[in-house]
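Since the structure comes first, as structure tokens, the remarks are kept for the end.
There are 2 protein chains.
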Amino acid sequence: MLVKVPEQGTLADVAAHRLAQSIVTGELEQGQKLNEAELAERFGMGRGPLREALRHLEGMRLVKRIPNAGARVVVLDRKTLADLYGVREALEGMACRLAASQMTDDEIAQLGKLLDRHEEQIRKQGGKVYAQSEGDLDFHFQIARGSRNQMLMDMLGSEQYQLLRMCRYRTSRNAQRTKPALNQHRQIVQALQQRDGELAELLMRRHIQGAWRSISEMIDKEEKETA
Amino acid sequence: MLVKVPEQGTLADVAAHRLAQSIVTGELEQGQKLNEAELAERFGMGRGPLREALRHLEGMRLVKRIPNAGARVVVLDRKTLADLYGVREALEGMACRLAASQMTDDEIAQLGKLLDRHEEQIRKQGGKVYAQSEGDLDFHFQIARGSRNQMLMDMLGSEQYQLLRMCRYRTSRNAQRTKPALNQHRQIVQALQQRDGELAELLMRRHIQGAWRSISEMIDKEEKETA
DNA sequence: TCACGCCGTATTGTCGACAATCGGAGTATT
DNA sequence: AATACTCCGATTGTCGACAATACGGCGTGA
């Protein structure tokens, strides 16, 4: 439900999905050149659908195309991620404010239950951050849905969502920010229950700022190791 | 400079550009079915590049594709536009806040000069709203550039930008909101000069809210006429 | 030794033809 | 007369081959 699996539909759609998955999980490295013939071969299809898929991914900013020179996997450097988190703060803050007035009581309750499952998972297997990370994204996406703003949902869902997942796969292997993050999530749900949009937005913005600080530090460390 | 004219590059890029233009100007009606063979014929190219162009436009939300049933021009109904302006308020507000600290004095001065030319145009030809409208978009885009946030620029520039233009062509024929809008622009520039990001954001958000109210009323009138 | 230009190869861009699927007209049946 | 079924035309989806372009190695000359 989180990641839709259109193993149906046109081959171009399938290719786009599989490519996105490969890029997000790091199976295809950042900056790596994407050879059309090779990928088409691997996916068992012609180059036509694959080219359409690449156009699609270009729109999602997962690949960068240069005319007559092929497509490469996007590179998530520090500046790109900083920009992403900035935009995310604005959009998710907005989503949260709207959700406070638009979500049904039941939906908010569901959100709370999601956090319960989430907490359970953390307790049971503190190490496996991956599933937790996906769960976190699910939380954010549910709030985006709660905004009832289709454009916002599309932006947070289809585009930024994938870039974020990509970022997570790259950094969150050892991220131990799960507990404070969970608390912040709880606070947000509480604000939603009280229908306090202003507070909900503020909390979400702080939550994302915190996430960015965490990621940023991690990048610093990584850069020092590399250097 | 405002609308890049890539009559160069791949045919798919050319097709995407020409299609976008046709859609934005209303030459292709909203909801109209887009026949691949016919369009390919008209543009003097095969269906391959045209399909890639459609995939591109789908990413820009200018067309909606349904597998095995073709692509149709998007329809800008009231809800869609409301969502668009909501997102715009958040993003452009953010852009304005960042621009207040990121733009150089020279860039801000340029922005002022842009408004001068703008005012001149209004005085000389009060009627021709079209050019003014494009000028308005230019103003907003310059601020987006001033934010130094590449992702924000892309979002406001390539995607929303086209939808907005489309909306303008549809409604602003008789919009007489140019003078208050110009004043608001001036206020914004002033706030930027004072490096007051908070104020700049506030003014921009109000400006966009005002624009939406104006558009909204116009849609109301249109709906009454149709009904 | 380095710079420059040439050429072969690999890769991208494009086209035309074929297969798969959808929508609708027409007909038969109740 | 209404409904469901079938078939046909039109349109989309896909593939393979060809043309155009860019990249890299090689040789030549200063």
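Residue numbers (our numbering), protein chains in the order written: chain P, 22 to 248; chain A, 22 to 248.
Ideal Cβ positions, reconstructed from N, Cα and C, are used throughout, including at glycine.
When rounded, the separation of the alpha-carbon atoms in Tyr182/A and His139/P is 39 Å.
Taking CB atoms only, Thr31/P has a neighbour in chain A less than 8 Å away. By the criterion of a C-beta distance shorter than 8 Å, Val108/P is surrounded in its chain by Gln181, once the five residues flanking it on both sides are discounted. Around Val108/A, the beta-carbon contacts reaching into chain P at under 8 Å are Leu112, Met115, Asn170, Met172, Leu173 and Met176. Per DSSP, reduced to three states, the secondary structure at Leu49/A is coil, with no helix or strand assignment.
By the CB criterion at 8 Å, Ala120/A and Leu220/A fall outside the cutoff.
Shown here for Gly218/P: same chain residues with a beta carbon closer than 6 Å to its own, the five before and five after excluded, namely Arg118, Ala121 and Ser122 in chain order. Distance between Ala92/P and Arg144/A, taken at the CA atoms: about 48 Å.
The residue among Thr101/P, Met115/P and Lys85/P with its C-alpha nearest the C-alpha of Lys54/P is Lys85/P. Judged by DSSP secondary structure, Gly69/P falls outside any beta strand (DSSP E) and instead within the alpha helix (DSSP H) spanning Arg68 to Gly80. Counting C-beta atoms within 10 angstroms of its own C-beta, Glu50/A has fewer than 16 neighbours from the protein chains shown and is therefore classed as exposed. According to the DSSP secondary-structure assignment, Lys85/A is paired through a beta bridge with Arg93/A. Short of 7 Å from the beta carbon of Gly178/A, and not among the five residues preceding or following it, lie these beta carbons of its own chain, in chain order: Phe162 and Ala165. If you draw a straight line from the Cα of Asp241/A to the Cα of Thr192/A, it is about 11 Å long.
Within chain A, the C-beta atoms nearer than 8 Å to that of Glu73/P come from Arg72, Glu73 and Arg76, in chain order. For the C-beta of Pro88/P, the chain A residues within less than 8 Å are, from N- to C-terminus, Gly30, Thr31 and Asp34. With a cutoff of 8 Å on beta-carbon distance, Val95/P and Arg76/P are scored as not near each other. Interface criterion not met: the Cβ of Asp98/A is under 8 Å from no Cβ in chain P. Contiguous alpha helix (DSSP H) elements confined to the stretch 181-244 of chain P occur at 182-192 and 199-214, taking only those with 4 or more residues. By the neighbour-count criterion, in which a residue is buried when 16 or more other Cβ atoms sit within 10 angstroms of its Cβ, Thr247/A is exposed. Along the stretch 52-73 of chain P, going in chain order, the ones with a CB nearer than 7 Å to a CB of chain A are Gly69, Arg72 and Glu73. Within the stretch 187-218 of chain P, no residue has a Cβ lying closer than 9 Å to any Cβ of chain A. With contacts defined by Cβ atoms closer than 8 Å, Ile229/A and Glu113/A form a contacting pair.
Our two residues, Val45/A and Arg226/P, have alpha carbons roughly 35 Å apart in a direct line. If only complete runs of 4 or more residues are kept, the stretch 92-135 of chain P shows the alpha helix (DSSP H) at 99-123, in order along the chain.
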